[in-house]
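Q: Sharing a structure, written as structure tokens. Questions coming.
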Ligand SMILES: [Zn+2]
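Residue numbers (our numbering): 6 to 303.
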């Protein structure tokens, strides 16, 4: 099977992860801009971070046959540092329209503060103006209200609900999101409440329409193989294989291909890996023989 993990922070992951992901069938990923575990203090660190999402990380994933896309945005947590937030928002237009950027994200609410709402609304308005998809992070505390508010603000700004992906859902929020007409993404957190077991039951109950599974793997305890593992469990528990394919591949593709940034036919082909390529004179290899696949004949 072929998988799409539409939410994963590869900058925090290793080449071992990339190899394991490719071996497990992950063909494409989306890396949304997020916070890095400690607060940044200068706008320049965001410039370099956004640059790595459209540059080095895209290259690094390609070296293992994984198509890498990203989302650009100011995350909700750092939106609360209002002085810095103002400068970071000015960077968003500079990066959001670059090649490989499929959405504005991940943006939304963390503590549900006025500063978070201001940054979220500004970025949703930008997305509406540029006809972009938005990836919404939802808070871990008071999730239900955070999600309701993020949908309400998006509606006020005339965001088409078919371009709104709300992430980190659970059983208590899924109905609100699906009823609104938005995409409902679910992050599989290992050893916590929202694991693969619960995901199976959510898909059984709500069906596959507009439901997306992702890993959100990052610098914390997380699982970059969350999508293929959940797919396997769904199949073992008797979920229709078409539903599994929709929730672990097709829906994410349909949602984010609206950006026009995803070459869908190429994702259906076997990836051609060329590890002799360099990025700014840098390679992911350490003296190993590069793998160079023969080009696919036309
Ligand atoms: Zn994330």
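We put the CB at the ideal spot given by N, CA and C, even for glycine.
Cβ of residue 39 versus every heavy atom of ligand 1: is any distance shorter than 8 Å?
A: Answer for residue 39: yes, Cβ within range of ligand 1.
Q: Taking 9 Å as the cut-off, decide whether the C-beta atoms of residue 115 and residue 82 are in contact.
A: Yes. Within cutoff.
Q: Whose C-beta lies closer than 7 Å to the C-beta of residue 92 among residues of the same chain, with five residues either side of it excluded?
A: Hits under 7 Å: 48.
Q: For a quick check, are the C-beta atoms of residue 219 and residue 11 less than 9 Å apart?
A: In this structure, residue 11 lies closer than 9 Å to residue 219 by Cβ.
Q: Roughly how many whole angstroms lie between the Cα atoms of residue 62 and residue 52?
A: C-alpha separation (whole angstroms): 14 Å.
Q: Along the chain, where does the alpha helix (DSSP H) containing residue 64 start, and where does it finish?
A: First-last of the alpha helix (DSSP H) with residue 64: 61–67.
Q: Pick out whichever of 98, 97, 32, 78 has its Cα sitting closest to the Cα of residue 70.
A: The shortest C-alpha separation from residue 70 is found at 32.
Q: Can you pull the DSSP bridge partners for residue 162?
A: Looking at the DSSP assignment, residue 162 forms no beta bridge with any residue, so it has no partner.
Q: Need the endpoints of the beta strand (DSSP E) that residue 111 sits in, please.
A: It spans 106–113 - the beta strand (DSSP E) in which residue 111 sits, taken as one unbroken run.
Q: What are the start and end residues of the beta strand (DSSP E) that includes residue 32?
A: Here the beta strand (DSSP E) through residue 32 covers 31–37.
Q: Who are the near neighbours of residue 98 in its chain, counting only those whose CB is closer than 8 Å to its CB and skipping five residues on each side?
A: Once the five neighbours on either side are set aside, the close Cβ partners of residue 98 are 131.
Q: Contact between the region 20–37 and the region 259–278 is defined here as three or more beta-carbon pairs at a separation below 8 Å; is this criterion met?
A: Judged by Cβ distances under 8 Å, the region 20–37 makes contact with the region 259–278, as three or more pairs qualify.
Q: Within 10 Å of its beta-carbon, does residue 234 have 16 or more other beta-carbons around it, so buried, or fewer, so exposed?
A: The residue is buried, with at least 16 neighbouring Cβ atoms inside 10 Å.
Q: Under DSSP, the alpha helix (DSSP H) around residue 247 begins and ends at which residues?
A: Taken as a continuous stretch (DSSP letters only), the alpha helix (DSSP H) holding residue 247 covers 246–250.
Q: Write down every uninterrupted run of the alpha helix (DSSP H) in the region 213–249 whose length is 4 residues or greater and which is fully enclosed by it, in chain order.
A: If we require 4 residues or more, the alpha helix (DSSP H) runs fully inside the region 213–249 come out as 231–241.
Q: Among 40, 262, 208, which one has its Cα closest to the Cα of residue 244?
A: When only C-alpha atoms are compared, the closest one is 208.
Q: Roughly how many angstroms separate the alpha carbons of residue 160 and residue 166, rounded to a whole number?
A: So the two alpha carbons sit approximately 8 Å from each other.
Q: By the three-class DSSP mapping on this structure, what secondary structure does residue 193 have?
A: Here residue 193 sits in coil by DSSP.
Q: Closer than 7 Å by C-beta to residue 200: which residues in its own chain qualify, once you throw out the five before and the five after it? Chain order, please.
A: So the qualifying residues of the chain are 193, 194.
Q: How is residue 273 classed by DSSP in three states: helix, strand or coil?
A: Helix, per DSSP.
Q: Classify residue 169 as helix, strand or coil using the three-state DSSP reduction.
A: It is a strand residue.
Q: CB of residue 111 to nearest heavy atom of ligand 1: below 8 Å?
A: True, at least one ligand heavy atom lies under 8 Å from that Cβ.
Q: Measure the beta-carbon distance from residue 150 to residue 112 and round it to whole angstroms, keeping in mind my assumption that it falls under 8 Å.
A: Incorrect: roughly 17 Å between the Cβ atoms, too far for contact.
Q: Within the continuous beta strand (DSSP E) that includes residue 77, where are the two ends?
A: Start and end: 72–77.
Q: Using only the heavy atoms of ligand 1, determine whether one of them is closer than 8 Å to the beta carbon of residue 115.
A: For ligand 1, not one heavy atom lies less than 8 Å from the Cβ of residue 115.
Q: Within the present structure, is the beta-carbon of residue 223 separated from the nearest heavy atom of ligand 1 by less than 8 Å?
A: Under cutoff, so the answer is yes.
Q: Does DSSP put residue 40 in a helix, in a strand, or in coil?
A: Coil, per DSSP.
Q: Could you spell out where the alpha helix (DSSP H) holding residue 205 opens and where it closes?
A: That run of the alpha helix (DSSP H) goes 201–211.
Q: Between 211, 138, 180, 283, which has its C-alpha nearest residue 266's C-alpha?
A: Here the closest residue by C-alpha is 138.
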